[in-house]
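Asker: Numbering-wise (the numbering used here), the sequence shown opens with residue 1 and increments by one. Where a beta carbon is used, it is the ideal one built from N, C-alpha and C, also for glycine.
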Amino acid sequence: MAKPRIFINMHYMELGGAERALVGLLNALDTDRVDVDLFLNQHTGEFMPLIPKKINLLPERRGYNAIERPMLQVLKEGQYGIVRGRLKARKLHKKYHRSLTDIEKTFDSSAFHYVAECVQPYLQSLEDLGEYDLAISFLQPHNIVLNKVRAKKKIAWIHTDYSSVFVNRAMELPVWAGFDYIASISQDCTKSFLSAFPTLESKIIEIENILSTSFVRHQAALQDVSHEMLKPGFNILSVGRYCHAKNYDNVPDITRRLVDKGFNDLRWYIIGFGGDEPLIRQRIAEAGMEEHVILLGKKDNPYPYIKACDVYAQPSRYEGKSVTVREAQVLCKPVIVTSYPTAKSQVRDGVDGIIVPQDNEGCANGIAEAISNVSRLKACAAYLQEHDYGNEREVEKIYKLL
């Protein structure tokens with residue numbers, strides 16, 4: 001009897017929480033039970049080597065690999081339809097964006113949805129791959145799996161806290177509604193999503209980001225990073241894209257406040273990449289924090305850095321459910337997170353982490369109190385050592401859909 005076939009679509013394997021969550025899912029899937037085809041729009045990113053060999057990585061396809069690359073490069077390749085679609089998306093989004101209030105503009109999340117909508121007429125169908133038993137769209141926009149893949153059942157993932165973004169409901173609702181199931185990574189994500197799309201409640205299935213403790217610990221032991229991090233003093237680490245959601249642009253000011261409180265030997269390292277890097281570097285210079293806030297850039301394997309730090313910090317404006325926070329907990333590192341809306345779904349304040357205010361002064365005071373209380377940090381680390389933060393059993397929920 002043939003095994004059930006699963007199709008999974010993802011943009012690429014750059015350094016990010018959704019990508020790490022996908023690696024967890026791919027490792028957890030039992031290829032003795034199912035055949036898994038992974039279709040990446042682009043074969044790029046630091047996490048490409050982490051795709052398990054048991055997974056069938058499908059070849060790149062023209063068109064799909066041009067959705068997010070520089071348009072001039074795409075134009076030189078003769079992919080005129082994709083360029084035409086992206087230019088149309090830019091025009092339509094600008095018109096829509098102008099209609100929003102200033103607050104709505106700040107949290108507008110619709111730009112890439114316009115791109116997905118406008119380029120799909122120029123993308124070839126993927127139905128030549130045959131019919132799948134289950135097709136998974138792991139990161140939105142979800143148009144590709146909805147419109148280009150043939151499957152008996154389709155499921156789309158939520159990784160975003162919808163209470164923290166402004167949603168173009170008219171554009172997103174028909175896409176979400178086209179799926180048989182919608183996977184939410186936490187109860188808080190479910191609640192915020194349904195506040196935007198209450199008619200979709202019957203489609204929701206909660207599937208946590210899958211994390212293998214053995215995988216994380218193995219990766220953490222592969223490299224010695226003491227030459228980069230273990231300098232005298234207290235070392236804080238954050239990992240994630242340099243973008244608005246992660247709030248790294250405020251880290252220099254928070255760090256300056258900590259230094260002013262007497263934490264002169266503190267260093268805050270940030271691993272990642274993204275469009276906010278110039279802004280973050282500008283803020284570092286303005287705060288005079290060049291010796292205290294260090295951007296480490298992209299790292300193929302961030303886990304040794306998490307293992308080496310004294311505290312892992314997630315200073316985000318908003319999160320769905322941070323994969324890196326869970327990874328830091330697996331590595332028994334005390335975590336400090338800001339009080340974004342979903343923080344309490346992941347961190348029990350004073351037990352397996354510490355929640356601090358989001359404003360810069362409150363955040364600095366909270367961190368100062370936390371790192372001054374050595375016994376509290378040790379108690380958090382001891383609790384983490386005694387508890388298992390892996391959840392590979394979540395994969396059974398995928399099998400049940402088959």
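Would you grab the beta carbon distance between ASP180 and PRO341 for me? Rounded to a whole angstrom, and I think it's under 8 Å.
Answerer: Going by Cβ atoms, the distance from ASP180 to PRO341 rounds to 28 Å, so no, they are not a contact pair.
Asker: Taking just the CA atoms, how far does GLN223 sit from ASN168?
Answerer: Each residue's CA atom was taken as its position, placing ASN168 and GLN223 some 44 Å apart.
Asker: Report back the beta-carbon spacing between SER186 and GLY320 to the nearest angstrom; my notes put them in contact at under 8 Å.
Answerer: 7 Å
Asker: If we ignore side chains and look at the alpha-carbon of each, how far apart do ASP300 and MET1 end up?
Answerer: 39 Å
Asker: So what's LYS191 in DSSP terms, helix, strand or just coil?
Answerer: helix
Asker: Taking all protein chains shown into account, decide if LEU401 is buried (16 or more other Cβ within 10 angstroms of its Cβ) or exposed.
Answerer: By the 10 Å Cβ count, LEU401 comes out buried.
Asker: Kindly confirm or deny that the region 226-241 and the region 267-282 touch, where touching means at least three C-beta pairs closer than 8 Å.
Answerer: yes
Asker: With ASP253 as the anchor, note down where its alpha helix (DSSP H) starts and where it stops.
Answerer: 251-260
Asker: Confirm, please, whether the CB-CB distance from LYS246 to ARG326 is below 9 Å.
Answerer: no
Asker: For ILE336 versus ASP133, is the C-beta spacing smaller than 9 Å?
Answerer: Using a Cβ distance threshold of 9 Å, ILE336 and ASP133 do not count as a contacting pair.
Asker: Name the residue from LEU129, GLN79, ARG20 whose alpha carbon lies nearest to the alpha carbon of GLU46.
Answerer: ARG20
Asker: Have a look at the DSSP bridge pairing and note the partners of PHE39.
Answerer: ASN9
Asker: Taking only beta-carbon positions, decide if PHE234 is within less than 9 Å of chain C.
Answerer: Among the chains of the structure shown, chain C does not appear; only one protein chain is present.
Asker: Measuring straight from C-alpha to C-alpha, what distance separates ALA89 and PHE39?
Answerer: 24 Å
Asker: Beta-carbon separation of GLY78 and ILE210 under 9 Å?
Answerer: no
Asker: Going by alpha carbons, who is nearest to HIS218 out of ASN235, LYS191, VAL330?
Answerer: When only C-alpha atoms are compared, the closest one is VAL330.
Asker: Check whether the region 113-124 and the region 144-162 touch, using three or more Cβ-Cβ pairs below 8 Å as the test.
Answerer: yes
Asker: With DSSP as the reference, please indicate the residues paired to GLY353 in a beta bridge.
Answerer: ASP349
Asker: Between which two residues does the alpha helix (DSSP H) harbouring THR213 extend?
Answerer: 213-220
Asker: Output yes or no for whether 9 Å exceeds the beta carbon distance between TYR399 and ARG33.
Answerer: yes
Asker: Could you check the C-alpha separation between PRO59 and PRO4 for me, to the nearest Å?
Answerer: Straight-line Cα distance between these residues: approximately 21 Å.
Asker: Hey, VAL115 and ILE67: beta-carbon distance below 9 Å or not?
Answerer: yes
Asker: Along the alpha helix (DSSP H) that carries GLN314, what are the first and last residues, could you check?
Answerer: Counting along the chain, GLN314 falls outside any alpha helix (DSSP H), though it belongs to the beta strand (DSSP E) covering 311-314.
Asker: Who are ILE158's beta bridge partners in DSSP?
Answerer: Paired residues: SER184.
Asker: Count the other C-beta atoms from every protein chain shown that fall within 10 angstroms of the C-beta of VAL374, then say buried if there are 16 or more, exposed otherwise.
Answerer: Flag for VAL374 reads exposed.
Asker: Let me confirm a value: TYR303 is counted as buried when at least 16 other C-beta atoms fall within 10 Å, else exposed. Which label applies?
Answerer: Buried, because 16 or more other Cβ atoms sit within 10 Å of the Cβ of TYR303.
Asker: At what residues does the alpha helix (DSSP H) containing THR324 begin and finish?
Answerer: 323-330
Asker: Are TYR248 and ALA196 close, meaning C-beta to C-beta below 9 Å?
Answerer: no
Asker: Is VAL395 closer than 9 Å to ALA18 when the C-beta atoms are compared?
Answerer: No, Cβ-Cβ distance for ALA18 and VAL395 is not below 9 Å.
Asker: Could you check how far apart the C-beta atoms of TYR12 and THR44 are, in whole angstroms? I think they sit under 8 Å.
Answerer: 5 Å
Asker: Can you grab the Cα-Cα spacing for the pair PHE112 / GLU386, in whole Å?
Answerer: 42 Å
Asker: Who are the near neighbours of MET171 in its chain, counting only those whose CB is closer than 8 Å to its CB and skipping five residues on each side?
Answerer: SER110, HIS113, TYR114, GLU117
Asker: Spell out the partners DSSP gives ALA18 in its beta bridges.
Answerer: The partner list for ALA18 (beta bridge, DSSP) is empty, contrary to what the question assumes.
Asker: Leaving out the 5 sequence neighbours to the left and right, which residues in its chain are closer than 6 Å to ALA156 when beta-carbon positions are compared?
Answerer: SER137, HIS142, PHE179, ILE182
Asker: If you compare alpha carbons, which of LEU173, GLU127, GLN124 is closest to GLN140?
Answerer: LEU173
Asker: Straight-line CA distance for ILE207 to THR213?
Answerer: One C-alpha to the other measures close to 17 Å.
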